[in-house]
Each structure stands twice: as structure tokens, then as C-alpha cells.
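Inspection log for the structure reproduced underneath, given as C-alpha cells.
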Amino acid sequence: MFINLTEEQKEGKFEELIEYANKIKNESLKNACLKILNDYKKQLFTRAAGHDAIEHIKYERTHQCFDGGLLDHTLNVTKHAYNIALIYKDKVDMDLVIFGALLHDIGKTKIFDEWNENGKIKSNLNYSYLLVDHVYLGEQIVEKYLDKEEISEKLKYQALHIIATHMDTMDKHMTEAYIVSYADSIDADVENIISYPRNAFNPIIKKYMYESENTEK
Ligand SMILES: [Fe+2]
Ligand SMILES: [Fe+2]
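Residues in the sequence shown are numbered consecutively from 7, following the working numbering.
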């Protein structure tokens with residue numbers, strides 16, 4: 007069940023992203039974050055967060071495969087990460103959590119093509135997706151913007167570490183990276199089971215868990 011976002015919904019979610027970005031206290035992180043969100047607004051509005059066919063093979067799961075899906079996922083992850091971080095607020099850097107959550111999947115703007123008029127991704131069988139993927143591409147985008155700000159090497163690489171590790175492609179060394187990565191998994195897994203017909207691939211699960219005539223057995 008894929009429900010594309012309306013333009014009004016997209017604008018509302020984007021405004022929420024900007025509100026979170028404005029909570030960042032460090033001026034350099036906030037400036038870079040706001041610039042990236044605004045410069046990539048069009049891509050965030052027209053990209054899915056996953057591909058319904060390919061990601062099942064690549065990651066064994068997919069999520070938010072609809073127009074505006076990347077925007078929807080980014081906002082959900084930011085909300086989850088922010089709320090988890092609040093529990094530990096004396097021990098975590100809220101700026102880094104917000105920054106990392108808002109930008110963790112910005113590289114997906116480069117691997118998925120624009121949603122087309124038929125409600126299908128035109129094609130994402132491109133080399134950027136298959137050979138390097140969104141983590142590397144996201145780090146490149148974010149590093150380019152951070153390099154234009156007055157920022158210490160330590161803070162720059164702490165911010166990049168959250169993006170670099172969110173898919174478990176390397177070890178995490180920061181609490182903030184764990185929070186964003188788990189927030190990412192919460193939204194991806196919950197959204198997957200709500201809207202993606204995982205059950206369609208397994209006839210037994212489909213029969214006993216999802217078909218109404220079997221629910222009372
Ligand atoms: Fe990701
Ligand atoms: Fe994600």
C-alpha cells in the first residue's frame with residue numbers, strides 16, 4: 007500500500023524539518039544543515055526512501071517507497087532520534103543528534119530518480135546506487151557544506167561519523183551515532199510492516215496474519 011504525499015503534506019513535513027534544524031545551537035552546524043535542506047528541498051520532495059523491488063534483494067527490507075517517502079522517513083527518524091536523545095540529554099550532544107538525523111539519508115537524493123507521473127521510480131539502476139550507495143554520497147554532500155563553515159575538525163568528523171555509521175558499514179564510536187542508527191531502524195522496520203506487503207512474499211504469514219478470514223483461528 008503506497009500512499010504518495012500531497013504537495014501540502016510535503017510542505018508541512020518540510021516545515022517540521024526546518025523547525026528541528028533551527029533547534030541546533032551550534033551556528034556552523036545549523037547553517038550547513040539549513041542550507042543543505044533548502045538546496046535539496048526539490049529532491050527531498052520527489053524521492054522515495056527505498057525501492058520496492060531492488061531493496062528487498064539488497065537489504066532484505068524496504069520502506070517509504072512512495073513520492074515524498076524520503077521526506078517522510080527523514081522527519082520520522084528525526085522525531086525518534088530527538089525523543090530518544092532527550093532521555094539522555096545530559097550525556098548526548100543534541101546538536102549532533104538533530105544534525106545527523108536530518109541528514110543521515112541525504113545521499114539518497116543522488117541514488118533515486120524523481121518519482122514520475124505514473125507513480126513509479128523511473129530507474130535507479132545506476133552506478134551510484136549499485137556501487138557506492140547513499141552513505142558515501144551523503145558524506146560527500148555534507149562534508150562539502152561543512153567545509154564552508156567555521157567548524158573544528160573534531161566537530162566536522164563527529165557529524166560525518168553519524169552519517170558514515172548509520173547503516174552499520176563501520177563501527178560506531180559515539181552515543182549520538184547509535185541513537186540515529188536505531189531511530190533509523192525503528193522507522194524503517196515499522197514503516198515496512200505497515201505499508202509494504204512483506205507478507206505477500208510469504209504465503210503462510212499472509213494467510214494467518216493478514217487475511218481477515220483467518221484472523222480468528
Ligand atoms: Fe540510510
Ligand atoms: Fe534512513
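Every residue gets a Cβ at the ideal spot worked out from N, C-alpha and C, and that includes glycine.
(Q) Going by C-alpha to C-alpha distance, which of Asp96, Glu156, Lys16 and Ala194 sits closest to Gln49? (A) Lys16
**Q.** Assigned exposure category for Tyr163 - 16 Cβ within 10 Å defines buried
**A.** exposed
Q: Give the DSSP-derived three-state secondary structure of Asn220 in the structure shown.
A: Only weak support exists for where Asn220 lies, its pLDDT of 47 falling under 50; the value from the coordinates is given anyway. It is helical.
Q.
Using 8 Å as the threshold, is the C-beta distance between His167 and Gly144 below it?
A. no
Q: Let me know if Glu197 comes out buried or exposed under the rule of 16 or more other beta-carbons within 10 Å of its beta-carbon.
A: buried
Q.
In whole angstroms, give me the CA-to-CA distance for Tyr151 and Ile9.
A. 33 Å
**Q.** Among Asp96, Pro209, Tyr88 and Tyr142, nearest to Gly113 - alpha-carbon criterion
**A.** Tyr142
Q.
The alpha helix (DSSP H) that contains Met100, what's its start and end?
A. Met100 to Leu109
Q.
Taking contact to mean 3 or more Cβ pairs, one atom from each stretch, closer than 8 Å, check whether the region 32-43 and the region 172-192 are in contact.
A. Contact between the region 32-43 and the region 172-192 is absent, because fewer than three Cβ pairs lie under 8 Å.
Q. For Lys97, which three-state DSSP category applies?
A. coil
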